[in-house]
Amino acid sequence: MVNVTKHAYKRMKERCGYSKSTCQRMAEKAFAEGVSHADVSGRLDKYFYQLYCYDYSANNLRIYGEFVYVFSDHNLVTVMLLPNDLKNSVKKTMNIKRKVST
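Counting from 1049, one number per residue, gives the positions in the sequence shown under the working numbering.
Structure representation (structure tokens):
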């Protein structure tokens, strides 16, 4: 079970337009199905490393859709918009991840 902090609720409402119940559902989905640091390479790997170095408590980063979900263990801390220049890399990674899982 993922815990969503008050700050994360506020950021998801502001940046994603989600209601409170949708925030919890999307946090669970991002944690379970999102692209993790182990799945990426190249520029995405560098981006994950920069986010981790910015705040070492953010030990579990996931990309789901067009957003970066920042977790500290099982607590969702905040949600950020994925930079435009990395969106194509995420799409390629998601396609590879789907092919491997099927």
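Think of the CB as a built atom: it goes at the ideal place given N, C-alpha and C, for glycine as much as any other residue.
Owing to the predicted nature of the structure, the values given are computational and were not obtained by experimental measurement.
Taking the beta strand (DSSP E) that Thr-1126 belongs to, which residues open and close that run?
As a first step, residue 1126 must be located in the sequence shown, where it is residue number 78. Start and end: 1123-1129.
Please give the ranges of any alpha helix (DSSP H) in the region 1061-1126, keeping only runs that are unbroken, at least 4 residues long and fully inside the region.
1068-1081 and 1091-1102
Beta-carbon spacing of Val-1116, Val-1125 below 8 Å:
Against the sequence shown, residue 1116 aligns to sequence position 68. Against the sequence shown, residue 1125 aligns to sequence position 77. Contact flag unset, no.
Let me make sure I understand the geometry here. Which of Leu-1092, Gly-1113, Asp-1121 and Asp-1133 has the alpha-carbon closest to that of Tyr-1104?
On the sequence shown, residue 1104 is found 56 positions in, with the first residue counted as 1. Per the Cα distances, Asp-1121.
Verify whether the separation of the beta carbon atoms of Leu-1099 and Leu-1092 is less than 8 Å.
Stepping through the sequence shown from its first residue, residue 1099 is reached at position 51. Stepping through the sequence shown from its first residue, residue 1092 is reached at position 44. No. Outside cutoff.
Give me the DSSP bridge partner(s) of Asn-1051.
To locate residue 1051, count along the sequence shown from 1; it is residue 3. BP columns for Asn-1051 point to Asn-1123.
Does the separation of the CB atoms of Ala-1056 and Val-1127 fall below 8 Å?
Translated into positions along the sequence shown, residue 1056 becomes position 8. Translated into positions along the sequence shown, residue 1127 becomes position 79. For Ala-1056 and Val-1127, yes; Cβs fall inside 8 Å.
How close, in whole Å, do the beta carbons of Val-1050 and Phe-1079 come, if the pair is a contact with beta carbons under 8 Å?
Stepping through the sequence shown from its first residue, residue 1050 is reached at position 2. Stepping through the sequence shown from its first residue, residue 1079 is reached at position 31. At roughly 5 Å, the Cβ-Cβ gap stays under 8 Å, so Val-1050 and Phe-1079 are in contact.
Residues in the same chain with beta-carbon distance under 8 Å from Asn-1107, minus the five sequence neighbours each way, listed in chain order, please.
As a first step, residue 1107 must be located in the sequence shown, where it is residue number 59. Result list for Asn-1107: Tyr-1100, Phe-1119, Ser-1120 and Asp-1121, in chain order.
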